[in-house]
Every structure is written in structure tokens, then in C-alpha cells.
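Here's the structure we're looking at; comments come further down.
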Amino acid sequence: MNFNAGETIINDTYAEINLKTLGKNFEIIKKISNKDPDNSVKICAIVKADAYGHGMNEIGKYLADQGTEYLGTADYSESIQLSDYLKKFAKKKVPVLCLGLLTEEKFLGEVISRNIEVSIADIKNTVNLNNFAKANNKKINVHLQIDSGINRTGFKLKDANEAVNKLKQLSNLNMKGIYSHFATSEIDKDSYALKQIEDFKSLIRELESNSMKFSLKHMSNTGGILNYYNSFFNMVRPGISLYGYYPDRQQLVKEIGIKPIMTLRSKVKFVKSLERGQSISYGRNYFTKTKTRIASLPLGYGDGYSRLLTNKAKVYIKGKHYPVVGTVCMDWLMVNIGNNSKIKVNDDVEIFGTNYPADNLSEILKTIPYEITCNISKRVKRIYTEK
Ligand SMILES: Cc1ncc(COP(=O)(O)O)c(C=O)c1O
Numbered sequence: 024m025n026f027n028a029g030e031t032i033i034n035d036t037y038a039e040i041n042l043k044t045l046g047k048n049f050e051i052i053k054k055i056s057n058k059d060p061d062n063s064v065k066i067c068a069i070v071k072a073d074a075y076g077h078g079m080n081e082i083g084k085y086l087a088d089q090g091t092e093y094l095g096t097a098d099y100s101e102s103i104q105l106s107d108y109l110k111k112f113a114k115k116k117v118p119v120l121c122l123g124l125l126t127e128e129k130f131l132g133e134v135i136s137r138n139i140e141v142s143i144a145d146i147k148n149t150v151n152l153n154n155f156a157k158a159n160n161k162k163i164n165v166h167l168q169i170d171s172g173i174n175r176t177g178f179k180l181k182d183a184n185e186a187v188n189k190l191k192q193l194s195n196l197n198m199k200g201i202y203s204h205f206a207t208s209e210i211d212k213d214s215y216a217l218k219q220i221e222d223f224k225s226l227i228r229e230l231e232s233n234s235m236k237f238s239l240k241h242m243s244n245t246g247g248i249l250n251y252y253n254s255f256f257n258m259v260r261p262g263i264s265l266y267g268y269y270p271d272r273q274q275l276v277k278e279i280g281i282k283p284i285m286t287l288r289s290k291v292k293f294v295k296s297l298e299r300g301q302s303i304s305y306g307r308n309y310f311t312k313t314k315t316r317i318a319s320l321p322l323g324y325g326d327g328y329s330r331l332l333t334n335k336a337k338v339y340i341k342g343k344h345y346p347v348v349g350t351v352c353m354d355w356l357m358v359n360i361g362n363n364s365k366i367k368v369n370d371d372v373e374i375f376g377t378n379y380p381a382d383n384l385s386e387i388l389k390t391i392p393y394e395i396t397c398n399i400s401k402r403v404k405r406i407y408t409e410k
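So for the sequence shown, my numbering puts the first residue at 24; every next one is plus one.
Given below as C-alpha cells:
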């Protein structure tokens, strides 16, 4: 038998990713984005940060086969990896749009030889890119990144016209797209978001009246798609909704039928009975209130399950939720399964997923579901199903 612990052994803790559900989420987002029959809107599916922890290559390939027109990555290492993977496996040729910035010449050769489109956000690096492309006899598709208010990266609105006039001369770049990004799209009817849309629109009008044409204009992430129908332009960039979550449940309560595609699964590895008044785990910050049984599960913060969930989260076993008790360890967490449950060693446990969505954990941690799935560590194998 070929024994390769990394490849062939599936630990009791693993993340099951349901590609069929991903396909359904994708269809829902595509339908919402194309609800105006007179405006055909393309999808740039965001698969950065290893597809928010779901596995960039597998998710990217699946979405390419489902018909996404673009895939969006965060940096050039991801872009190169994804582009090479798609070349081998995806049925359709889908370009990768890198949302990150290229500021070092040493990577330019790798980028321009692949199906990668480049975000540009300043003159100096854009000129460098053009010179490099010229020396290599290549034409590169670029997207002008406009900072309409997030104040992160991109050309400032007031500088964009002048910048574009300079960039127009760069003959080895094709100004394929122009895009911007919201600061507050998860809030409905937010005046700041509305101003960003208006400012971005008026900039596009100004640039287009100045003989500049962009075949792709895009702004909306999931929040924009759900709250700001007037910000679709002709492409949208959904991320979190494809993975089955809303950006922030405190702010955005709409229901569109998307479902989590990741289920973090584990197994009961050990069960013991304890009398009342016994402490559990490091630091002794939980004591049994009655005689009870405690199940130990083989996962912890080493798998990306935050230690801050100690005594706060629940898990789902055989149709019921049970509380996590005692400090979450690096490799173990303990659950109070009560005296009367029939739970035994090797029973399946859902740590989060359809029956206990990751929003429950993000709410406890005062964060957003993005962080929960992104944090699931490399040790946790991703298993893909199409059930
Ligand atoms: C530039 C850009 N576009 C789109 C997205 C996707 O956003 P969401 O996951 O909220 O749909 C992100 C994610 O952070 C982003 O940074």
C-alpha cells in the first residue's frame, strides 16, 4: 500500500465542501445580477485567500466550468497558481483578474506569460509594466483601480482623469476595465455607499467623454449585489455569497436562498463520565454543574478553531446542539453531551455548516464569517463532494 499521510489519510477532522451547493449559490447570484433583462452582467467570482479557505484551485475550476466569466485573486502568487491549474483542468478559458498590485519587476515575466489581467493603481508601476510588456512583445489587459472612498488602494477620483491621459499613450497595455470597491455595501441605503456609486459613475462619464472606453466596469461585491442594484455596471465581483454566507448578519438580513458550502466535520474520539464540580481543560475555567459526560473532539486552534470560542460555541451531534466546555486546546476541544445522550466514540460531529452556520461563531467572536472559513488551517483536509 502506498502510504502518504498528507494525501491518503483523512483525519477525523476535515472540511467537506459541497460543489453542488456552490453551483446553486452561483446561479442565485447570477440571476440577481442579471435581473435587468437589458443589462447583461458578467460574474467575476472572487476566489482569493484560497477561496476564503475553501480551496482556490478546486473552487476556481468548478466555477469556470459553471460559466463564471472571470476569477478574482488577491495576489500574483495566487494568480499564477490558479492560471496554471485552470489551463490544465478547466473546460473553459477564464481569465484571472488580480486585485492585488504589482510593484516589483521580478515577477512581471511570470505574469505577462499567463492569462492574468492586472490591476493598475499608480503611474510608475503602470509605466514599468508597459515597458516590460513592450520589451517582451506582449499586450497586457489591465483594469484601472479607482479609489472612490475606501481609501485603501487605487487612483484617487480627482487624479484619475489626468492619470488616464498619461496611460493612454502606453501602447502595450489594453485598458480593458475600470473598477472600484465599496466601504459599506453591507448597509442598505447607506449615504456613503450611494456617494461612492455616484462618484464612480460620474468619473466613468468624464473618462468616456474624453474618448476613453472600458469594456468592463465593475464595483459590486456581495453587499453591492444585494443592496445596490444601480451599481452592477456590466460585471460584479461576488465572494462570500458564493460560499453561502452574507457579509454581516448584523447589517444585512435579506434572504436569497444561498447555503454554506463548507461543513467542518469531526468525530467523537473519547467519552468520559464526570461527577459534579470537575474542571475541564487548561486553566480550569469550566466546572461540571451536575454529573455528566464529556466528549473530546480532535480539533482546536491548530485547525483554526479559535480559542476565544472557549465556553461559548456549540457543535451539532446527531440532531442536537451541545456546548463547547473548557478551554479550546491546540488539538482538542471538549463538549458537554449530558448524561442521557446516546453519543459514543466515532459518532460524527458538525463543528459548523448547514446545521450550525459559521455566522454563529463569527457573532461570538465579533467578526464576520469570512474570517471563520479563511482561518481553517492547512492541517484540515478539504474534501469535495457533489451530493
Ligand atoms: C476588491 C474586492 N472585490 C470583491 C470582493 C468580494 O467581496 P465579498 O466577499 O464581500 O462578496 C472583495 C473581498 O474582499 C474585494 O476585496
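Using N, Cα and C, we set each Cβ at its ideal position, and we do this for glycine too.
Does the beta carbon of residue i fall short of 8 Å from some heavy atom of ligand 1?
i      : result
Ile6   : Given that the chain is displayed from residue 24 to residue 410, the structure contains no residue 6 and the question cannot be resolved.
Asp77  : The amino acid at residue 77 is misidentified as Asp; the sequence shows His. Incorrect: His77 has no Cβ contact closer than 8 Å to ligand 1.
Thr245 : yes
Lys71  : yes
His204 : yes
Arg260 : yes
Gly306 : no
Ser264 : yes
Tyr252 : no
Pro270 : yes
Tyr99  : no
What is the rounded straight-line gap between the Cα of residue i and the Cα of residue j?
i      : j      : result
Pro270 : Glu209 : 6 Å
Asn138 : Ala72  : 19 Å
Ser385 : Ser329 : 10 Å
Ala97  : Gln104 : 12 Å
Arg307 : Val347 : 14 Å
Lys365 : Val291 : 12 Å
Asn34  : Asn257 : 44 Å
Gly132 : Lys157 : 12 Å
Thr207 : Thr91  : 25 Å
Ile201 : Lys335 : 44 Å
Val259 : Lys43  : 22 Å
Lys53  : Thr315 : 49 Å
Thr176 : Pro380 : 32 Å
Ile40  : Ala186 : 43 Å
Would residue i count as contacting chain C if we go by Cβ distances under 9 Å?
i      : result
Pro321 : Protein chains in the displayed structure number just one, and chain C is not present.
Would residue i and residue j be called neighbours here (beta carbons separated by less than 9 Å)?
i      : j      : result
Leu180 : Asn148 : no
Gly262 : Thr245 : yes
Lys116 : Leu109 : yes
Ile303 : Phe310 : yes
Leu196 : Asn153 : yes
Ser171 : Phe223 : yes
DSSP beta-bridge partners for residue i?
i      : result
Gly200 : His166, Leu239
Ser296 : Arg316
Arg288 : Tyr37, Glu373
Met477 : The question about residue 477 has no answer, for the chain in this structure spans 24 to 410.
Pro346 : Lys337
Leu331 : Leu331 pairs with nothing; no bridge assigned.
What's the call for residue i, buried or exposed, on a 16-neighbour Cβ count within 10 Å?
i      : result
Lys337 : buried
Gln219 : buried
Tyr215 : exposed
Asp61  : exposed
Glu409 : exposed
Asn369 : exposed
Asp59  : exposed
Met24  : Only weak support is given to the placement of Met24: the predicted model assigns it a pLDDT of 46, under 50, and the value that follows is read from those uncertain coordinates. Met24 is exposed by the Cβ-count criterion.
Gly371 : As written in the sequence, residue 371 is Asp, which differs from the Gly given in the question. Burial call: exposed.
Lys189 : exposed
Thr313 : exposed
Arg299 : exposed
Ser63  : exposed
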